[in-house]
Structures are given as structure tokens and as C-alpha cells.
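Engineer: The sequence shown: position 118 = 118 (my numbering), numbered continuously. Dropping a structure here in C-alpha cells format, bear with me for questions.
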Amino acid sequence: MKMTDKSMKYSRKDSSEDSTEMGFLDHLEELRWRLIKILIAVFVFTIAGFFFSDFFLNLLIEPSKELDMKIQVLKVQGLLMLKFWIAFVVGIVFSIPVLGYQLWAFVAPGLYQKEKNWGPWLVVSITAFFLLGALFAYTVLVPFAMKFLIGVGVPDVQKNISIEFYAKFVTQLIVGTGLIFQLPVVSYILTKMGLVSPSFLRRSWRYAFMAILVLAAAITPPDPFSMIVMTIPLVFLYELSIIVSRFALRSSEKAVAV
């Protein structure tokens, strides 16, 4: 009888371990399918972006038309490779809503109902702030940076720029600014998770400023002027993040009080 009880004990233990392992494997399987869906979205939007690559290329070239410079194709395959690059960037950018939704759908089952309610708004906010940052870069940062950089030079020297270098410079500035504009969204999420608070963000402004400089240098084209230009909106975004964090904290306190 003791042997039977012991064997039943081990059987229950093994069954519990198998159940836990299967649950973990199920999560991995779900994550795998979420990533596959994201990759499919990137692939589909990349294909579509290639067919509209001329349209997006004209948008990138538009800020340079009023400047004293000429854009040239320096390689036989240069324009084709540039179209592939533009299509890939378009695929990633247009997949941002899909990325946000899939990541949210993966973590949502483990959240409380109140936390699930702000999920759709979070996905919309990620997309909206990225588009706002991209628009700000295209209408303000890119023209300002190009005028300054092209204006620095000798009058007798012709300013002929490779189209690959120019397009990647502008694209990197636009996408980088879109990512930087996610700072208020990140602040909201971290505050909701209890990892940061408005007072913590206010006290840590010195460290934040150093991090801003490093971040600006990492995601902008490799020249000091672009880094400085990117630092200015980052400072304002950090202040906005403190305001957003204060709002998130107050809403959490009200929810607890209710």
C-alpha cells in the first residue's frame, strides 16, 4: 500500500511537471506564431512598398529640390538597390500597428481586466506618436539639417551627393525621430507597471540627459549636427514624458481608490 501511495505521489508530481512544461511550450508556440504574423506583415508591406518605391523616393528627394546640390546615381545597380532599401523601410514602418497589436495580444492574457482596457489605445498611441515623429522630421528636421550641412562649404566646390547616401540619411533621420517620439508611450507603460514615477524622472534628469545624447548619437546619421538637432526634441519629449507619467500615476491611484 505504501508503494502504491508513493508511486501515486510521483505520478502526480510528474503530471504536474508535464502540465507546467506544456504550458510553457504553449506560450513559446504562441510567441512563435505572433512573430510569424509580424514577419508576414513586414513581407507583405515590403512587396507593396517596392511597387510604390518611386512615390516614396520622390518624397525623400523633395526637401533637396530647393538646395544648391545635385543628387546622382553613382552605381549601375544603385537605384535598384535603393528601391529595395526603401521598400524594406516602408515594410517595417507600415507594420508598426501589427507589431504593437501582436505584442499586446501576447501579453494581454496575463493582465487584469483594467489593464487590458488601455491596450487598444496603447497600440494607437504607438502608431500615432511614430507618425508624428516622422512628420516632424520630414517637415522640420530634414530641411533644417540639409540647409545647414549643404550651406557649409566652399563656393567653388560643387555639391554632388550620392542618391544612396542622401536617401539613407533622410530615412534614418525620419525613422529615428519616429522611434524617439515613443518616449512618452514608454513612460506611460513603465509608470503603469510601477517601475518609474514622475518624481523619479524629475530627479534623474541629469542621467536622462546623458542617455538622450547617447540615444541621439545612436539613431541619427553619423555627424555631430544631426545629433544636436535630434537632442532638442528629445529634451521636450522627456518633459512630456514626465507629464504623461504623472497622468498615468493619477489614473492608477484613482483606479485603486475605486
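By construction, the Cβ of each residue, glycine as well, lies at the ideal position given by its N, Cα and C atoms.
What is the residue span of the beta strand (DSSP E) that Q102 lies within?
Structural biologist: Careful: Q102 lies outside any beta strand (DSSP E), inside the alpha helix (DSSP H) at I96 to V107.
Engineer: Going by CA-CA distance only, name the one from L201, A145 and Y188 that's closest to T231.
Structural biologist: The shortest C-alpha separation from T231 is found at A145.
Engineer: Which same chain residues, not among the five before or five after F88, have their C-beta less than 7 Å away from its C-beta?
Structural biologist: If we look at F88 and ignore the five residues flanking it on each side, its Cβ neighbours are T46.
Engineer: Between which two residues does the alpha helix (DSSP H) holding K147 run?
Structural biologist: V142 to G151 is the span of the alpha helix (DSSP H), which, as asked, contains K147.
Engineer: Helix, strand or coil for Q77 per DSSP?
Structural biologist: Coil, per DSSP.
Engineer: Which class does S204 belong to by DSSP, given the choice of helix, strand or coil?
Structural biologist: S204: coil per DSSP, three-state reduction.
Engineer: For the segment 93-113 against the segment 41-58, do three or more pairs of beta-carbon atoms, one drawn from each stretch, fall closer than 8 Å, so that the two count as touching?
Structural biologist: Yes, since at least three Cβ pairs between the segment 93-113 and the segment 41-58 fall closer than 8 Å, the two stretches touch.
Engineer: I need the boundaries of the beta strand (DSSP E) containing Q72, first residue and last residue.
Structural biologist: Unbroken beta strand (DSSP E) run through Q72: K70 to Q72.
Engineer: What does a CB cutoff of less than 8 Å around V186 pick up in its chain, not counting 5 residues either side in sequence?
Structural biologist: For V186, where only same-chain residues beyond five positions count, the Cβ hits under 8 Å are S241.
Engineer: If you follow the alpha helix (DSSP H) that S53 is part of, which residue opens it and which one closes it?
Structural biologist: Residues S53 to I61.
Engineer: Give me the Cα-Cα distance between G119 and L183, rounded to the nearest whole angstrom.
Structural biologist: Going from the Cα of G119 to the Cα of L183 covers about 17 Å.
Engineer: Can you tell me the Cα-Cα spacing of V142 and P63, whole angstroms?
Structural biologist: Their backbone Cα atoms lie some 7 Å apart in a straight line.
Engineer: Going by DSSP, what residue range makes up the alpha helix (DSSP H) through S162?
Structural biologist: Counting along the chain, S162 falls outside any alpha helix (DSSP H), though it belongs to the beta strand (DSSP E) covering N160 to S162.
Engineer: Spatial neighbours of Y238 within its chain, please: C-beta separation below 6 Å, excluding the five flanking residues on both sides.
Structural biologist: These residues qualify, in order along the chain: A208.
Engineer: Please report how far the alpha carbon of M22 lies from the alpha carbon of N117, in whole angstroms.
Structural biologist: In this predicted model, M22 has a pLDDT of only 48, less than 50, meaning its place in the structure is not dependable; the value taken from the coordinates is given anyway. Cα to Cα, the separation comes out at about 29 Å.
Engineer: When we look at the beta-carbon of L25 and count the other beta-carbons within 10 Å, is it buried (16 or more) or exposed?
Structural biologist: Looking at its Cβ environment, which holds fewer than 16 other Cβ atoms inside 10 Å, L25 is exposed.
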